[in-house]
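For reference, the structure is listed below as structure tokens.
Protein chains: 2
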Amino acid sequence: MNREIFKHYDMITGNNYIGNKLSSKGTKTYKTFNPQLNIENEHVFTEATDQEINEAVTLASNAFKILQTISGKQKADFLNAIADEILDLDETLIQMYSSETGLPEGRAKGERGRTIFQLRSFADLVKEGSWVEAAIDTAIPDRKPISKPDLRKMFVPLGPVVVFGASNFPLAYSTAGGDTASALGAGCPVIVKSHPMHAGTGELVASAIIKAAGKTGMPNGVFSNLNSSGIDVGVQLVQHPEVKAVGFTGSIRGGRSLYDLASQRKEPIPVFAEMGSINPVVILPEALKKRGKSLAKTYAGSITLGTGQFCTNPGLLLGIKGKGLSNFIQNLSVEILKKEPSCMLHPNIIGAYESNKQKTISQRGLRIVADYNPDVKSNYARQTVTTVEGSTFLENITLHQEVFGPFSLVVQCENEEQLETIISKLEGQLTGTVIAENNEAMQYISIVEALQNRVGRIIYNGVSTGVEVCTSMQHGGPYPASTDSRFTAVGIHSIKRWVRPFSYQNWPDSLLPDELKNENPLSISRMINGMQTTNKIK
Amino acid sequence: MNREIFKHYDMITGNNYIGNKLSSKGTKTYKTFNPQLNIENEHVFTEATDQEINEAVTLASNAFKILQTISGKQKADFLNAIADEILDLDETLIQMYSSETGLPEGRAKGERGRTIFQLRSFADLVKEGSWVEAAIDTAIPDRKPISKPDLRKMFVPLGPVVVFGASNFPLAYSTAGGDTASALGAGCPVIVKSHPMHAGTGELVASAIIKAAGKTGMPNGVFSNLNSSGIDVGVQLVQHPEVKAVGFTGSIRGGRSLYDLASQRKEPIPVFAEMGSINPVVILPEALKKRGKSLAKTYAGSITLGTGQFCTNPGLLLGIKGKGLSNFIQNLSVEILKKEPSCMLHPNIIGAYESNKQKTISQRGLRIVADYNPDVKSNYARQTVTTVEGSTFLENITLHQEVFGPFSLVVQCENEEQLETIISKLEGQLTGTVIAENNEAMQYISIVEALQNRVGRIIYNGVSTGVEVCTSMQHGGPYPASTDSRFTAVGIHSIKRWVRPFSYQNWPDSLLPDELKNENPLSISRMINGMQTTNKIK
Numbered sequence: 026m027n028r029e030i031f032k033h034y035d036m037i038t039g040n041n042y043i044g045n046k047l048s049s050k051g052t053k054t055y056k057t058f059n060p061q062l063n064i065e066n067e068h069v070f071t072e073a074t075d076q077e078i079n080e081a082v083t084l085a086s087n088a089f090k091i092l093q094t095i096s097g098k099q100k101a102d103f104l105n106a107i108a109d110e111i112l113d114l115d116e117t118l119i120q121m122y123s124s125e126t127g128l129p130e131g132r133a134k135g136e137r138g139r140t141i142f143q144l145r146s147f148a149d150l151v152k153e154g155s156w157v158e159a160a161i162d163t164a165i166p167d168r169k170p171i172s173k174p175d176l177r178k179m180f181v182p183l184g185p186v187v188v189f190g191a192s193n194f195p196l197a198y199s200t201a202g203g204d205t206a207s208a209l210g211a212g213c214p215v216i217v218k219s220h221p222m223h224a225g226t227g228e229l230v231a232s233a234i235i236k237a238a239g240k241t242g243m244p245n246g247v248f249s250n251l252n253s254s255g256i257d258v259g260v261q262l263v264q265h266p267e268v269k270a271v272g273f274t275g276s277i278r279g280g281r282s283l284y285d286l287a288s289q290r291k292e293p294i295p296v297f298a299e300m301g302s303i304n305p306v307v308i309l310p311e312a313l314k315k316r317g318k319s320l321a322k323t324y325a326g327s328i329t330l331g332t333g334q335f336c337t338n339p340g341l342l343l344g345i346k347g348k349g350l351s352n353f354i355q356n357l358s359v360e361i362l363k364k365e366p367s368c369m370l371h372p373n374i375i376g377a378y379e380s381n382k383q384k385t386i387s388q389r390g391l392r393i394v395a396d397y398n399p400d401v402k403s404n405y406a407r408q409t410v411t412t413v414e415g416s417t418f419l420e421n422i423t424l425h426q427e428v429f430g431p432f433s434l435v436v437q438c439e440n441e442e443q444l445e446t447i448i449s450k451l452e453g454q455l456t457g458t459v460i461a462e463n464n465e466a467m468q469y470i471s472i473v474e475a476l477q478n479r480v481g482r483i484i485y486n487g488v489s490t491g492v493e494v495c496t497s498m499q500h501g502g503p504y505p506a507s508t509d510s511r512f513t514a515v516g517i518h519s520i521k522r523w524v525r526p527f528s529y530q531n532w533p534d535s536l537l538p539d540e541l542k543n544e545n546p547l548s549i550s551r552m553i554n555g556m557q558t559t560n561k562i563k
Numbered sequence: 026m027n028r029e030i031f032k033h034y035d036m037i038t039g040n041n042y043i044g045n046k047l048s049s050k051g052t053k054t055y056k057t058f059n060p061q062l063n064i065e066n067e068h069v070f071t072e073a074t075d076q077e078i079n080e081a082v083t084l085a086s087n088a089f090k091i092l093q094t095i096s097g098k099q100k101a102d103f104l105n106a107i108a109d110e111i112l113d114l115d116e117t118l119i120q121m122y123s124s125e126t127g128l129p130e131g132r133a134k135g136e137r138g139r140t141i142f143q144l145r146s147f148a149d150l151v152k153e154g155s156w157v158e159a160a161i162d163t164a165i166p167d168r169k170p171i172s173k174p175d176l177r178k179m180f181v182p183l184g185p186v187v188v189f190g191a192s193n194f195p196l197a198y199s200t201a202g203g204d205t206a207s208a209l210g211a212g213c214p215v216i217v218k219s220h221p222m223h224a225g226t227g228e229l230v231a232s233a234i235i236k237a238a239g240k241t242g243m244p245n246g247v248f249s250n251l252n253s254s255g256i257d258v259g260v261q262l263v264q265h266p267e268v269k270a271v272g273f274t275g276s277i278r279g280g281r282s283l284y285d286l287a288s289q290r291k292e293p294i295p296v297f298a299e300m301g302s303i304n305p306v307v308i309l310p311e312a313l314k315k316r317g318k319s320l321a322k323t324y325a326g327s328i329t330l331g332t333g334q335f336c337t338n339p340g341l342l343l344g345i346k347g348k349g350l351s352n353f354i355q356n357l358s359v360e361i362l363k364k365e366p367s368c369m370l371h372p373n374i375i376g377a378y379e380s381n382k383q384k385t386i387s388q389r390g391l392r393i394v395a396d397y398n399p400d401v402k403s404n405y406a407r408q409t410v411t412t413v414e415g416s417t418f419l420e421n422i423t424l425h426q427e428v429f430g431p432f433s434l435v436v437q438c439e440n441e442e443q444l445e446t447i448i449s450k451l452e453g454q455l456t457g458t459v460i461a462e463n464n465e466a467m468q469y470i471s472i473v474e475a476l477q478n479r480v481g482r483i484i485y486n487g488v489s490t491g492v493e494v495c496t497s498m499q500h501g502g503p504y505p506a507s508t509d510s511r512f513t514a515v516g517i518h519s520i521k522r523w524v525r526p527f528s529y530q531n532w533p534d535s536l537l538p539d540e541l542k543n544e545n546p547l548s549i550s551r552m553i554n555g556m557q558t559t560n561k562i563k
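From first to last, the protein sequence lines stand for chains W and A. Each residue of the first sequence is one higher than the one before, counting from 26 in our numbering. Each residue of the second sequence is one higher than the one before, counting from 26 in our numbering.
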């Protein structure tokens with residue numbers, strides 16, 4: 026390795042951050058893996074012990090009390106400082122990221138950009154302050170038969186939050202990703218259970234957060250980063266009585282396990298798990314006829330994007346049987362075989378890809394239409410497209426499961442009715458896509474409506490890959506796309522996962538938080554007696 | 026009974042409403058009870074069968090599809106029509122209510138007023154339309170490196186909702202209560218599991234809803250009312266795959282059971298259970314000294330209000346040991362014994378009151394300071410006040426449990442530190458109250474902050490009984506006050522329990538719901554590219 030560009034290289038200690046203290050009391054160690062080189066990376070990481078876990082939670086619990094008194098502006102400074110410190114890690118971070126994921130530099134930089142954007146978005150949000158949705162109903166002392174009290178409500182943070190790093194987004198949905206940024210913005214201390222596949226990237230980012238916390242006067246314990254190679258650390262964290270919420274991005278099995286643990290606690294806590302999805306794409310007949318060829322090209326790209334390692338990867342294409350669909354399948358086969366295979370994140374990930382693919386392929390009635398054949402490097406995934414009859418798909422629930430990787434299944438439906446039935450029987454999905462010509466969607470409106478009931482986001486004439494970070498984004502859908510379809514994991518509204526409404530009744534103005542004071546010192550927008558306004562209360 | 030004033034008396038059939046059809050296929054029957062007269066009421070109710078339950082859910086599921094195409098104005102007409110039909114039940118409803126609860130006419134009318142107000146509030150809300158929190162980010166086709174899509178988000182309903190009637194609020198938190206009104210407003214069909222103690226009141230209100238649904242063109246299945254004397258109907262409803270959310274008001278045991286059932290489903294669903302609470306009241310030293318006598322009078326009233334059958338009943342009074350607290354206890358004893366005992370809702374309720382009270386009283390170190398002695402009528406509750414040392418309270422978790430009824434426990438804390446420790450060890454509560462003189466709360470700020478972390482609403486110099494229906498009300502608190510502290514059960518924001526955000530990406534304007542169309546035909550307030558506005562999009 027070229028150590029010169031690694032100006033922070035010696036920062037990697039393999040330790041946990043228990044608050045701002047590096048710590049490695051345990052004996053269980055592990056290394057990360059470079060899938061491109063097909064070798065283990067050199068750093069050794071030490072898994073957190075029970076004692077370290079408890080220390081981290083206790084620190085978080087104490088930090089929470091202090092965080093509650095900290096202004097939005099201070100939290101914004103902290104989030105912006107995290108962004109600055111991450112940028113300061115520069116090439117070290119990019120190289121570490123690539124060495125632990127096999128993903129190219131461009132992707133690393135793109136994801137870093139997204140992470141920085143998210144941090145700064147939440148900084149802007151909490152600095153401005155109106156996100157707390159302050160609502161005030163002033164008193165009516167002479168109301169009959171009883172006087173009306175003064176009531177003032179706003180969001181307050183839930184308490185310490187545990188964030189599980191995602192295998193496929195080491196930056197944007199891990200250590201300082203969307204879950205962490207939104208939780209810190211809300212005023213919740215965060216304990217990250219670092220993803221074992223990118224523990225080095227995790228430690229670098231954790232060091233950036235700890236530095237930023239120090240520079241901006243955050244209480245010790247506002248952030249901890251715990252190494253973990255198996256499930257023990259996560260289990261203990263989710264069961265800890267002082268932990269008040271959990272963020273997770275990963276498999277259905279993993280997310281459901283955490284949800285079950287959390288809901289079986291004496292005090293159940295919310296788990297926001299963003300899990301699997303096959304992201305059905307409905308291609309209507311006219312579109313198939315007019316644009317089959319270009320659609321095939323577009324979807325060959327979408328299916329193989331990032332080696333198919335996106336939660337929004339289109340794993341299920343649905344059409345009505347006929348020449349248009351047959352041609353499309355033919356063209357998709359040609360196009361997808363033109364793609365150069367690429368590396369998956371880890372031998373375990375490609376192992377799961379191969380075995381899930383085999384399981385699907387071995388189902389009765391499934392036909393392979395494209396299967397990349399030539400030799401590939403270790404950990405490189407061969408893309409595959411398959412097809413099946415609608416009736417076979419309906420009967421066999423195994424075909425409804427995600428194959429995480431560059432794989433897609435084209436279902437050939439008998440007719441419109443069968444297409445609608447299939448859609449209505451699908452599990453919950455992050456996204457659904459409708460490909461249609463002018464006015465064609467209207468003709469198939471009951472199919473479109475059925476799709477809407479199964480997804481969190483619906484796309485017209487596009488691809489589901491690419492999740493824009495903006496206010497109007499809903500990333501999350503009916504179970505098992507996520508454990509709680511009522512919240513988004515992407516965009517500023519994801520901050521609402523970590524808060525609860527809180528009311529003050531007849532509370533003295535001097536003791537109210539600034540957000541609810543008569544003078545409106547923060548000049549935020551508030552709902553006062555049913556009217557949204559930035560006015561003071563006289 | 027005086028049948029003349031019962032103009033709808035013959036409406037009571039004892040049947041279930043399966044959609045708009047009266048049905049009683051079952052063999053399990055039961056009657057309600059008049060606690061004032063200490064006799065069973067005459068009507069016979071037939072519990073819903075498995076088949077009827079499934080029919081109701083299937084109808085609801087079909088109605089849901091139609092409801093999704095119905096405008097806010099139509100839903101408002103429906104809610105207002107329910108209010109009109111309930112008022113039209115007039116004295117029949119009031120008499121039925123009293124005969125099934127033992128509560129006086131004044132309370133019945135007050136609760137009816139609250140119910141009507143809630144229905145009309147949700148009607149106004151959904152008619153106006155901005156509650157869907159529409160957010161729009163318009164496209165930037167030439168953004169680099171990739172174009173930005175058009176994204177539009179709003180709340181959409183979850184699907185069929187099951188509402189469990191509350192024993193202590195036959196109108197405001199039962200058949201057409203807050204849960205039902207908010208769910209219907211959101212666009213979710215509702216299946217009520219009628220509370221067995223007031224099945225007649227339930228059937229009358231159900232008939233009003235069914236009439237209103239007919240008059241305003243709602244789809245059959247938008248509402249069903251199922252009789253049930255045990256837990257079977259509720260269990261089956263919560264486990265039904267087509268049911269998407271549950272509202273409940275009642276005991277911790279009941280609420281937790283439903284929560285566990287719902288979270289163990291293949292597709293877990295949200296349960297909004299508003300459960301027990303002892304509503305701690307902290308009376309600070311100066312206030313005790315200056316206003317001990319009047320506070321004793323106020324709290325004697327609050328503890329016995331509605332025979333103590335409010336979830337916000339002050340079951341725990343906390344003070345620092347001393348002359349002020351001793352005098353307060355003495356005065357409270359005198360004042361509470363002046364109160365005339367009143368009737369509880371049902372023999373089972375008073376049975377539970379007596380046994381829970383006995384269990385608490387039998388705990389080591391507890392001292393009775395006031396216990397109403399004279400003979401009382403059957404089902405009338407004797408009010409009781411007890412006291413205990415802070416250290417004993419801290420050690421014995423049994424003393425932290427709710428005794429539902431006119432009962433309160435005064436904890437005499439050693440000092441400020443012990444008071445804070447006790448507060449921080451309490452389970453989650455709906456409310457907390459601070460009684461203080463000028464500037465006194467500031468002196469005890471860490472106690473106030475500890476209390477804030479344990480409750481959903483904090484009250485200054487008042488009583489917790491009386492839950493104002495308004496936007497700024499938070500009714501719900503950390504577990505076990507409710508299963509989901511992130512939502513309120515009272516006020517217009519309670520509609521958010523029944524919805525999820527949904528995004529449209531690059532969706533044709535003509536196919537968008539009115540709330541998201543460029544023209545803004547509903548003239549609602551929307552967040553467009555980060556600005557809240559009623560403007561159209563050009």
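Cβ atoms here follow ideal geometry from the backbone N, Cα and C, with glycine treated the same way. These numbers come from a predicted model, not from an experiment.
Burial state of residue i, where buried means 16 or more other Cβ atoms lie within 10 Å
i	result
ARG392(A)	exposed
PRO546(A)	exposed
PRO182(W)	buried
MET26(W)	Per-residue confidence for MET26(W) stands at a pLDDT of 40, beneath the threshold of 50, marking its modelled position as unreliable; the derived number appears in the next sentence. Result: exposed.
GLU299(W)	buried
ASN560(W)	exposed
Of the listed residues the options, nearest to residue i (C-alpha basis)
i	options	result
THR456(A)	TYR485(A), LEU444(A), LYS363(A)	TYR485(A)
VAL157(A)	PHE527(A), PRO174(A), PRO293(A)	PHE527(A)
LEU84(W)	SER232(W), ASN59(W), GLU267(W), LEU547(W)	GLU267(W)
CYS605(W)	ASP534(W), GLY501(W), ILE308(W), THR496(W)	A query on residue 605(W) cannot be resolved here, the shown segment of chain W reaching from 26 to 563 and no further.
LEU370(A)	LYS348(A), ALA406(A), GLU441(A)	ALA406(A)
PHE58(W)	LYS50(W), PHE70(W), SER48(W)	PHE70(W)
SER48(A)	ASN252(A), GLN99(A), ASN105(A), VAL247(A)	ASN252(A)
GLY39(W)	LEU229(W), ASN478(W), GLY390(W)	LEU229(W)
Nearest-angstrom beta carbon gap, residue j and residue i [assumed within contact, 8 Å]
i	j	result
GLU136(A)	ASN66(A)	Wrong, their Cβ atoms sit about 19 Å apart, outside the cutoff.
HIS220(W)	PRO185(W)	19 Å between Cβ atoms; not a contact.
PHE429(W)	PHE297(W)	Between PHE297(W) and PHE429(W) the Cβ distance is about 20 Å, and since that is not below 8 Å, they are no contact.
Residues that residue i bridges to, as DSSP identifies them
i	result
SER433(W)	VAL410(W)
THR456(A)	ARG482(A)
VAL188(A)	VAL217(A), GLY272(A)
Legend entry - Contact residues within the region 502-515 of chain A, judged by C-beta distance below 9 Å to chain W: GLY502, PRO503, TYR504, PRO505, THR508, ASP509, SER510, ARG511, PHE512, THR513
Inset, instruction - Would you list, in chain order, the members of the region 478-502 of chain W that have their beta-carbon closer than 9 Å to a beta-carbon of chain A? - result: ASN478, VAL480, GLY481, ARG482, ILE483, ILE484, TYR485, ASN486, GLY487, SER489, GLY491, GLU493, CYS495, THR496, SER497, MET498, GLN499, HIS500, GLY501, GLY502
Inset, instruction - Check distances from the C-beta atoms of the region 531-556 of chain W to those of chain A and list, in chain order, the residues that come in under 8 Å. - result: Taking a C-beta cut-off of 8 Å against chain A, the contacting residues of the region 531-556 of chain W are ASN531, TRP532, PRO533, SER535, LEU536, SER550, MET552, GLY555, listed in chain order.
Inset, instruction - Give, in chain order, every residue of the region 139-165 of chain A whose Cβ lies closer than 7 Å to some Cβ of chain W. - result: Cβ contacts with chain W: ALA160, ILE161, ASP162.
Inset, instruction - Return the residues of the region 80-102 of chain A that lie within a Cβ-Cβ distance of less than 8 Å from chain W, sorted by chain order. - result: LYS90, GLN93
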